[in-house]
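S.K.: The opening position of the sequence shown corresponds to residue 18 in the working numbering, with each subsequent residue numbered one higher. No residue lacks a Cβ here, since even glycine has one placed at the ideal position from N, Cα and C. Dumping the structure here so I can ask a few things about it.
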Amino acid sequence: MDCPNCQMPVKRGSLCTNCGTDYVLNKKLLKLSDILYNKGLAEAKAGSFSYAIESLSKSVTYNKKNIMAQNLLGVVLFECGRVTEALKHWIISSSLSKGNNAAKLYIDSVQQNTDTFERYAQAIEHYNNALAYLKQRNEDMALIQVKKALDLNPVFIDALNLLSLCFIVLKDKEQAFVSVERVLSLDANNQVALNYYKILSPPKGRADSQRREGRVSQTGKPQPSITASPFLYTKAKPKFSMFHLASVLLFFVGVICTFAYFSVVVIPPMMEEIKAQNADLTVQVENLTSDNQTLKENLDTATKDYTSDIENLKNEKAELEGKLLVEQNAQRVNTASTQMNSNNLEGAADTLFTVDESVLPADVREIYDAMVFSSVYPVVASDLYQRGVAQYNLNEYTEAKRLFEKANQYSAAGSQSKPGIIYHLGLIAQAQGENEAAIAYFSDVVDNYPDFTNISGASTALAQLTQG
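Set out below in structure tokens:
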């Protein structure tokens, strides 16, 4: 059997003698990673994204090279609105397998939809602002910021949980329920949303206990605890009696008892419940702050890794393009050499004209220079010049001009045919009424080739064109 780490054969025992990997343990970890991947896949299909993220995170922990787990974890995180964490796992996957890997498609999709990525980044920024406002006890501003985040990314589950918390703090249970149910519709087992649901749901049997205590009627309306008898008035001045005194005392005793009952029995549990809820909310805010810090760190790490990968890819691309350019130009020199050996000198010259000599290796550059300066360019330039003169004498100016221009690009500045080529191009331009071009050609001959055999013709033509 081969070691899964270094691919060297394991001869005996469970330890690889080459790299020291425990083959048996490694095999169990790989199997466990596959089991967790299958579990995460089932949970993702069932809509339990929180459990899926937990299972898939463990899967890639046990086997970082589990490409399918890396990709699926990225997809689930993306569905939860955690785009930067998704990118991190896709980048890891693409770096581990550069072949037919779906992660490359996911990354390309994000790169092509830069507007979407920008919206998600802004959503995270608004989410962070909402957390800051909530810690400052500014619930209204926090609500505005988290709503902006959800406008940009409606499936941002962390933002939806924060929206629920804002409504709970503002005592808007109806809206909080809507937000919690929205989270649970996206992630059926989201623990934060389930905790909020417990806070918002009234304890069972609470109404029945109130009825037993005599504080709620069958219609649900509150009933008075003490019923005092009204005073009776007559036209005559009422006489003070013990009955009236007993009624008054009974009334005040009832008030005192009611106050004592609420102070001892009703109010303390209510205060304890409120304190517990406040403690839970404080813990939730602290947890969200911690999660936000982790999210920010993951974002920074993913951004750095992504930027580094892009730079590496750019460098690799530039290096490959450089090698390809050298190879292409060296191949053109080889092609030109073959054409020259086949006596196709004009074809060889045309091929050499497309070569970028600056990228050629030293040995290939020597072959290129020999053909350009001795064996190909000078011969082709002279032949094209002679053919051009023949066509000019037949008044075939169009073909003659083509041949002279081609001869001009292959002739060196010091070659014998150079001034004749330029002179004939001037004559053709003059004959075709292109006086500015003709003046340029004749001026070039007069200024740079004073030893030209027909320098007088060039000077006369130049004088006629400039004076006329």
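The alpha helix (DSSP H) spanning M85 covers which residue range?
M.R.: On the sequence shown, position 68 is the one that residue 85 refers to. I84 to E96 is the span of the alpha helix (DSSP H), which, as asked, contains M85.
S.K.: Applying the 10 Å Cβ sphere with the 16-neighbour rule, what's the burial state of K435?
M.R.: For the purposes of this step, residue 435 is identified with residue 418 of the sequence shown, where counting begins at 1. It is buried - the Cβ of K435 has at least 16 other Cβ atoms within 10 Å.
S.K.: Taking the C-alpha atoms as reference points, what is the distance between L90 and Y68?
M.R.: As a first step, residue 90 must be located in the sequence shown, where it is residue number 73. As a first step, residue 68 must be located in the sequence shown, where it is residue number 51. Each residue's alpha carbon lies about 11 Å from the other.
S.K.: Am I right that K200 and L177 are in contact with their C-beta atoms under 8 Å? What's the rounded C-beta distance?
M.R.: Walking along the sequence shown from the start, residue 200 turns up at place 183. Walking along the sequence shown from the start, residue 177 turns up at place 160. It should be noted that the sequence gives Val, not Lys, for residue 200. V200 to L177, Cβ: 5 Å. Contact.
S.K.: What did DSSP end up calling A245 once you bin it into helix, strand or coil?
M.R.: For the purposes of this step, residue 245 is taken as residue 228 along the sequence shown, with counting starting at 1. Confidence in A245 is poor, its pLDDT being 34 and thus under 50, which makes the residue's placement unreliable; the coordinate value appears in the next sentence. The answer is coil: DSSP assigns A245 none of H, G, I, E or B.
S.K.: Would you check if the distance between the CB atom of N118 and the CB atom of S111 is smaller than 7 Å?
M.R.: Position 101 of the sequence shown holds residue 118. Position 94 of the sequence shown holds residue 111. In contact: N118 and S111 (Cβ atoms closer than 7 Å).
S.K.: Whole-angstrom Cβ separation of Y144 and A166, contact assumed at under 8 Å?
M.R.: The sequence position of residue 144 within the sequence shown is 127, counting from 1. The sequence position of residue 166 within the sequence shown is 149, counting from 1. About 4 Å separates the two Cβ atoms, so the contact holds.
S.K.: Between C183 and the rest of its own chain, which residues show a CB-CB distance below 8 Å, the 5 nearest in sequence each way excluded?
M.R.: Within the sequence shown, residue 183 is the residue found at index 166, counting from 1. Excluding positions up to five away in sequence, the list reads A147, L151, E156, A159, L160 and V163.
S.K.: Does DSSP put T299 in a helix, a strand or coil?
M.R.: On the sequence shown, residue 299 is found 282 positions in, with the first residue counted as 1. Helix.
S.K.: Pick helix, strand or coil for Y466, following the three-state DSSP scheme.
M.R.: Here residue 466 refers to the residue found at position 449 when the sequence shown is read from its first residue. Coil at Y466, not helix or strand.
S.K.: For the candidate residues Y137, K115 and K82, whose alpha-carbon lies nearest to that of E96?
M.R.: On the sequence shown, position 79 is the one that residue 96 refers to. It is Y137.
S.K.: What runs of the alpha helix (DSSP H), each 4 residues or longer, lie entirely inside the stretch 67-153?
M.R.: Segments of the alpha helix (DSSP H) lying fully in the stretch 67-153: 84-96, 100-113, 119-129 and 131-152.
S.K.: Does the stretch 435-450 come close enough to the stretch 400-412 that 3 or more CB-CB pairs lie under 8 Å?
M.R.: The answer is yes - the stretch 435-450 touches the stretch 400-412, with three or more Cβ pairs under 8 Å.
S.K.: Excluding five sequence neighbours on each side, which residues of the same chain lie with their C-beta closer than 6 Å to the C-beta of F459?
M.R.: For the purposes of this step, residue 459 is taken as residue 442 along the sequence shown, with counting starting at 1. So the list reads G443, A475, A478 and L479, once near-sequence residues are dropped.
S.K.: Do the stretch 405-424 and the stretch 375-392 make contact, defined as three or more Cβ pairs closer than 8 Å?
M.R.: The stretch 405-424 is not in contact with the stretch 375-392.
S.K.: Figure out for me which residue from S65, V93, Y54 and E102 has the closest Cα to the Cα of E314.
M.R.: Position 297 of the sequence shown holds residue 314. Nearest of S65, V93, Y54 and E102 to E314, Cα basis: E102.
S.K.: List the endpoints of the continuous alpha helix (DSSP H) containing M158.
M.R.: Within the sequence shown, numbered from 1, the residue matching residue 158 stands at position 141. Counting along the chain, the alpha helix (DSSP H) containing M158 begins and ends at E156 to L169.
S.K.: Using a 10 Å radius around the Cβ and a threshold of 16 neighbouring Cβ atoms, would you call R349 buried or exposed?
M.R.: As a position in the sequence shown, residue 349 is number 332, starting the count at 1. Buried, by the Cβ-count rule.
S.K.: Would I108 pass as a contact of D317 if the rule is Cβ separation under 7 Å?
M.R.: Here residue 108 corresponds to residue number 91 of the sequence shown, with the count starting at 1. Here residue 317 corresponds to residue number 300 of the sequence shown, with the count starting at 1. Result no, Cβ atoms of I108 and D317 do not sit closer than 7 Å.
S.K.: Using the C-alpha atoms, what's the distance from V376 back to D11?
M.R.: Because the chain in this structure spans residues 18 to 485, residue 11 falls outside the shown range and cannot be described.
S.K.: Measure how close the beta-carbons of I84 and S114 come, nearest whole angstrom, since I'm counting them as under 8 Å.
M.R.: Your numbering for residue 84 matches position 67 in the sequence shown. Your numbering for residue 114 matches position 97 in the sequence shown. Correct: roughly 5 Å between the Cβ atoms.
S.K.: Starting from G437, trace the alpha helix (DSSP H) in both directions and tell me its first and last residue.
M.R.: As a first step, residue 437 is located in the sequence shown; it is residue number 420 there, counting from the start. K435 to A448 is the span of the alpha helix (DSSP H), which, as asked, contains G437.
S.K.: Classify G80 as buried or exposed, calling it buried when 16 or more other Cβ atoms lie within 10 Å of its own Cβ.
M.R.: If you number the sequence shown from 1, residue 80 lands on position 63. As written in the sequence, residue 80 is Asn, which differs from the Gly given in the question. Result: buried.
S.K.: I'd like the span of the alpha helix (DSSP H) that includes V393, first residue to last.
M.R.: Locating residue 393 in the sequence shown gives position 376, counting from the first residue. Unbroken run through V393: none, as it is neither H nor E.
S.K.: Secondary structure at T371, three-state DSSP: helix, strand or coil?
M.R.: Working through the sequence shown from its first residue, we reach residue 371 at position 354. Residue state, collapsed to three classes: coil.
S.K.: Using the C-alpha atoms, what's the distance from E453 back to K121?
M.R.: Along the sequence shown, one-based indexing puts residue 121 at 104. Along the sequence shown, one-based indexing puts residue 453 at 436. Answer to the nearest angstrom: the Cα atoms are 58 Å apart.
S.K.: If you draw a straight line from the alpha carbon of F469 to that of Q433, how long is it in whole angstroms?
M.R.: By one-based count along the sequence shown, residue 469 stands at place 452. By one-based count along the sequence shown, residue 433 stands at place 416. Computed Cα separation, rounded: 9 Å.
S.K.: What does the alpha-carbon distance come out to for the pair S354 and V381?
M.R.: Here the question's residue 354 lines up with position 337 in the sequence shown. Here the question's residue 381 lines up with position 364 in the sequence shown. Using only the alpha carbons, I get a separation of about 11 Å.
S.K.: Specify, as a first and last residue, the run of the alpha helix (DSSP H) that L187 falls within.
M.R.: The residue labelled residue 187 in the question sits at position 170 within the sequence shown. Where L187 is concerned, there is no enclosing alpha helix (DSSP H), given that its DSSP letter is neither H nor E.
S.K.: Distance, Cα to Cα, K62 vs L73?
M.R.: By 1-based counting over the sequence shown, the position of residue 62 is 45. By 1-based counting over the sequence shown, the position of residue 73 is 56. When rounded, the distance between both Cα atoms is 13 Å.
S.K.: Spatial neighbours of I174 within its chain, please: CB distance less than 7 Å, with the 5 preceding and 5 following residues excluded, ordered by chain position.
M.R.: Counting from one through the sequence shown, the residue named residue 174 turns up at place 157. Answer for I174: C97, G98, V200, L203, D204 and N207, listed in chain order.
S.K.: Rounded to the nearest angstrom, what separates I327 and S50 at their Cα positions?
M.R.: Mapped onto the sequence shown, residue 327 falls at position 310. Mapped onto the sequence shown, residue 50 falls at position 33. Their Cα atoms are separated by approximately 29 Å.
S.K.: Could you tell me how far apart the beta carbons of A347 and V393 are, in whole angstroms, since I believe they sit closer than 8 Å?
M.R.: One-based indexing of the sequence shown puts residue 347 at position 330. One-based indexing of the sequence shown puts residue 393 at position 376. About 17 Å; that fails the 8 Å criterion.
S.K.: Alpha carbon to alpha carbon, how far is A296 from L179?
M.R.: Within the sequence shown, numbered from 1, the residue matching residue 296 stands at position 279. Within the sequence shown, numbered from 1, the residue matching residue 179 stands at position 162. Taking the straight line joining both Cα atoms gives about 16 Å.
S.K.: Note down, in chain order, each residue of its chain lying with its Cβ closer than 7 Å to the Cβ of A448, except the 5 sequence neighbours on either side.
M.R.: Mapped onto the sequence shown, residue 448 falls at position 431. Around A448: Y414.
S.K.: I'd like the list of long-range same chain contacts for Y213, defined as Cβ closer than 6 Å, with 5 residues on each side in sequence excluded.
M.R.: Taking the sequence shown and counting its residues from 1, one reaches residue 213 at position 196. Excluding residues within five positions, the ones whose Cβ falls inside 6 Å are S181 and V197.
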